[in-house]
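Let me begin by presenting the structure, written as structure tokens, before commenting on it.
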Amino acid sequence: DTEVTQTPKHLVMGMTNKKSLKCEQHMGHRAMYWYKQKAKKPPELMFVYSYEKLSINESVPSRFSPECPNSSLLNLHLHALQPEDSALYLCASSLLRGGSGGTGELFFGEGSRLTVL
Amino acid sequence: GENVEQHPSTLSVQEGDSAVIKCTYSDSASNYFPWYKQELGKRPQLIIDIRSNVGEKKDQRIAVTLNKTAKHFSLHITETQPEDSAVYFCAASWLNDMRFGAGTRLTVKP
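These protein sequences, in sequence, are chains A and B.
Take any residue in the first sequence, note its place counting from 1, add 1109, and you have its number in the working numbering.
Take any residue in the second sequence, note its place counting from 1, add 16, and you have its number in the working numbering.
See below:
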């Protein structure tokens, strides 16, 4: 299984709602990522989990709350979002190479397209 | 953090011509440089990558070159085809921190 699965594919929410985006992979990858992508822009790094621990938080507003319950699952909890948060949210995973090997190929999910009204 | 610059932002070529996209990076610690292709409405997909201990890598019509001293790397596509039309992103990574360039919209005209 070489897939990263994201749900839901589409989400419309009001500014007072609480919702969650979910991501799952079964490739044994120990790094999992959330990226935000606006139209005609590159993916923008939000959070990185390494071995289920938050290793990178790119100063993302607290209305976005990541969670990594286990090595296969990654959630992004959403609360009190703003219309400008409307975007495609991409989950990705990768192997972690030991020593100075750095990361490897990122495998992306299809994304969750979020619209905030 | 890492800053990746990518040029050009748009590129239009005739079918069969070559296309070259260039990127520069700022963090000398970066050691992994992938290129992703993203078609409209789809996820980014890896087309080729290179690590810092290699200067050049080729896969059929696609090649990537890396100049670590100058901190730049390039994507070369030869014999372009209409299905190569997409947005291409370069990226640079150290450990699990991967940052993307702004993207190049490639159009291959039949």
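The beta carbon of each residue, even a glycine, is placed where N, CA and C say it ideally should be.
Grab me the residues of residue i's own chain with a C-beta within less than 7 Å of its C-beta, minus the 5 sequence neighbours each way, in chain order.
i	result
A/Ala1196	Lys1145, Gln1146, Lys1147, Leu1223
B/Asp33	Thr96
Determine the closest residue to residue i out of the options, with distance taken between C-alpha atoms.
i	options	result
B/Val20	B/Gly32, B/His88, B/Thr81, B/Glu31	B/His88
B/His23	B/Leu111, B/Lys38, B/Val29, B/Pro126	B/Lys38
B/Gln54	A/Gly1220, A/Leu1226, A/Ser1171	A/Gly1220
B/Gly119	B/Cys106, B/Gly17, B/Glu18	B/Cys106
B/Val70	B/Arg59, B/Tyr52, B/Tyr48, B/Lys58	B/Tyr48
B/Asn83	B/Leu91, B/Arg77, B/Lys58	B/Leu91
B/Val29	B/Ser101, B/Gly117, B/Ala108	B/Ser101
A/His1186	A/Lys1128, A/Leu1226, A/Pro1117, A/Thr1116	A/Lys1128
B/Arg77	B/Leu62, B/Glu95, B/Pro60	B/Glu95
A/Cys1177	A/Thr1212, A/Ser1171, A/Lys1162, A/His1135	A/Lys1162
A/Gln1115	A/Ala1140, A/Asp1194, A/Gly1218	A/Gly1218
A/Lys1118	B/Ser68, B/Asp75, B/Arg59	B/Arg59
A/Pro1170	A/Gln1191, A/Thr1125, A/Cys1132, A/Met1136	A/Gln1191
B/Gly17	A/Ser1168, A/Met1124, A/His1135	A/Ser1168
B/Asp75	B/Ala86, B/Ile93, B/Thr85, B/Val124	B/Ile93
B/Ser46	B/Ser68, B/Tyr52, B/Leu62	B/Ser68
Can you give me the Cβ contacts of residue i inside the same chain, cut-off strictly under 6 Å, excluding the 5 residues immediately before and after it?
i	result
B/Lys73	Ile66, Val80
A/Pro1152	Tyr1144, Gln1146, Leu1199
B/Arg121	Thr26, Val103
A/Tyr1142	Val1157, Ala1201
A/Leu1204	His1138, Gly1213
Rounding to the nearest angstrom, what Cα-Cα distance links residue i and residue j in this structure?
i	j	result
B/Thr40	B/Met114	14 Å
A/Ile1165	A/Glu1112	23 Å
A/Met1122	A/Leu1130	12 Å
B/Arg99	B/Leu56	Reading the sequence as shown, one finds Glu at residue 99 of chain B and not Arg. About 12 Å.
A/His1188	B/Trp110	31 Å
A/Tyr1160	B/Glu31	45 Å
B/Phe116	B/Ala108	7 Å
A/Lys1149	A/Phe1173	22 Å
A/Glu1133	A/Phe1216	11 Å
A/His1135	A/Ser1181	6 Å
A/Leu1226	A/Leu1183	25 Å
Mapping the DSSP letters down to three states, classify residue i as helix, strand or coil.
i	result
B/Asp43	coil
B/Pro50	strand
A/Pro1117	coil
B/Asp136	In the structure as shown, chain B begins at 17 and stops at 126. Residue 136 of chain B is therefore absent and cannot be evaluated.
A/Pro1170	coil
B/Pro98	helix
B/Glu55	coil
B/Glu21	strand
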